[in-house]
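Take a look at the structure below.
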Amino acid sequence: MVHRTARCGLRATAGQRRRLFGLLRSAGDVWCAVLELNEWRRRRQDAPLAGYRELCEQLARSGPGTFGQLDTEGARSVLRRYSDAWFAAAKRRKAGDKSARFPRRRRGLVPVRWYAGTFALDGRVLRLPVARGCVPLVVRLDRDPPYPAEQVRSVTLLAEAGRLWVDVTAEVPVAVYPDGRAPDPGRVAGVDLGVIHPYATAGPGGQLLLVSGRAIRAECRQHLRDARARHRAVARRAPKPGQRGSRRWRQFRRRQREVEARHRRRVRQAQHEAAKTVLGWAVQHRVGTLAVGDPRGVLGLDAGRRHNQRLRAWRVGHLIRVLTDKAQVAGITVALVDERGTSSTCPACARRVPKPAGRVFTCPHCGQAGHRDLVAAANIAARAGGGAIPAQTARITHRRAGAHLPGVHPARRDPRRRPHHGPPHGPLAGTGPPRPRSTPAGSRSRHSEEPGIHHRIYGRMH
Ligand SMILES: [Zn+2]
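Numbering (this note's numbering), first residue to last: 29 to 490.
Here it is as structure tokens:
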């Protein structure tokens, strides 16, 4: 059994939204009250209160109604959060990490968690507990939680960039396979992480999988360009240090946070899909061990402004995490392997090769050729005991990640992107003359330079 969490949006009326934010704010009050309590105790040179049970006693002493509509269970979840953070910091400090800090930052909104038995989740309808005497709070999730109701262990209410979410956590059983279909730990596949191909995988018997992440990279670039343009447009109104921003500036900041959050969600979703593809492939080929080349050793190095930005946008830690999480549920082991030199070593003759600049790897010693990322994946598999794998085979499975991203499909145009042809879309888009839908070859006249005239002629001809 493992615990897995899925995030669902909330469909709430304006009144419910106010109440839900009220709960989060009350949780923030609980958090701040604990911080203040420990601040007093520190001044009196008393030991801080950090144990969950002592904090619960303090909460009970504060009496009902102190924290608005927040019920005891919800308030206790904040105490649990504080206690966990405190002891985690204490443990790290004891281990010699002096940069670990005890919780000290005051927070306006704090997530609230309720455990099974205190809430009711029926399909998409979620009934949250509230303090005694308050009107019941029943909201709708915007999608079905991906777990059966009896597996759900907790729900967590949280706000991100002005939107409300519920994290549904469930106890999920590790997959059970029919006889002969179970993943074999002896069958090792190498996984190379990249930007263009988030996952390039080489498995036993020359089975190869390439997951393309071009849509993700396009989304990152588009977002970067869009964010820069937004910033340039409002830079004039940026407040000086210590100055309160104008209302328009604050509106811009809110909008910026929304756009950032949406971009993050899109990339995360696409990376989840990519990892799911890899796991589906691994289960199909009965791969029991995924050897993942871990490039994080070199990420700490300063590689210049542009390259650093690219590396951050890559979110390689998330790629490894989602793959590990999904592998655990599928009963597949993930082993991290040092990936240094794997893309510049020939898988056939094991000699060093100058790092290829493009996508194609060619060995000058033995003539072995193949896709660069798949060669790296084969080398990673070999390091984890996967044996020699021919990288040059025709059995490459191609998959794409991020099919839902805007601009990938013509039916979902990206509003941030200017179309290649025609006037820019925008508030003035409708004022120009419409362009003809199709122009038969050879019918272009001198007049067709101007779309309006051409349209009129073209329209009269038919
Ligand atoms: Zn070679």
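Even glycine gets a Cβ: it sits at the ideal position worked out from N, Cα and C.
In terms of residues, what are the limits of the beta strand (DSSP E) holding residue i?
i    : result
H399 : A397 to H399
A34  : V30 to R39
R215 : D212 to L221
V315 : V315 to D322
T229 : Y227 to A230
F389 : V388 to T390
R129 : Neither: R129 is in no beta strand (DSSP E) and is coded neither H nor E.
Does the beta carbon of residue i fall short of 7 Å from some heavy atom of ligand 1?
i    : result
Q284 : no
H397 : It should be noted that the sequence gives Ala, not His, for residue 397. No.
R380 : no
C374 : yes
H393 : yes
C377 : yes
For residue i, which option in the options has the closest C-alpha, if you only look at C-alpha atoms?
i    : options                   : result
R245 : W342, R45 and L185        : W342
C162 : I424, Q44 and Q297        : Q44
S54  : H251, Q312, R71 and P92   : P92
E301 : Q271, A289, R349 and V106 : R349
V436 : E178, R71 and E247        : E247
D442 : R387, D254 and H399       : D254
R108 : F49, L433, L137 and V62   : V62
F280 : R256, L307, R292 and A118 : R256
V30  : T352, Y227, A303 and A210 : T352
V194 : R141, P201 and V216       : R141
R292 : R258, D330, L252 and V306 : L252
R249 : R35, C391, Q235 and E288  : E288
P384 : T373, E64 and R135        : T373
V219 : P164, L77, P211 and T229  : T229
A412 : A203, A319 and L51        : A319
V166 : T184, F147 and D57        : F147
G386 : I224, G50 and A128        : I224
G222 : C36, L339 and A88         : L339
A159 : S182, C394 and D99        : D99
V357 : R264, A303 and D150       : A303
H426 : R72, G241, A187 and R272  : G241
G414 : R129, G234 and L185       : G234
Q179 : T197, R191, L192 and R168 : T197
A144 : R39, R155, G190 and L236  : R155
R104 : K268, G79, A116 and D207  : G79
G136 : E188, A117 and A118       : E188
A310 : P375, V365 and R209       : R209
G190 : Q284, K122 and R333       : Q284
T305 : D125, C391 and Y227       : Y227
T317 : L364, A376 and P173       : L364
Using DSSP bridges, identify the partner residues of residue i.
i    : result
H426 : L238
A144 : F147
L192 : A187
D172 : Per DSSP, none; premise fails for D172.
E199 : H31
D366 : D322
T361 : T317
V153 : D150 and R168
R380 : T373
If you follow the alpha helix (DSSP H) that residue i is part of, which residue opens it and which one closes it?
i    : result
E178 : Here E178 belongs to no alpha helix (DSSP H), and DSSP marks it neither H nor E.
R293 : R275 to Q312
R168 : R168 -> not in any alpha helix (DSSP H); beta strand (DSSP E) instead, spanning L165 to L169.
A263 : That residue, A263, is in no alpha helix (DSSP H); it is neither H nor E in DSSP.
Y80  : Y80 to S90
Y110 : T100 to K122
R349 : V344 to A358
A55  : A42 to R71
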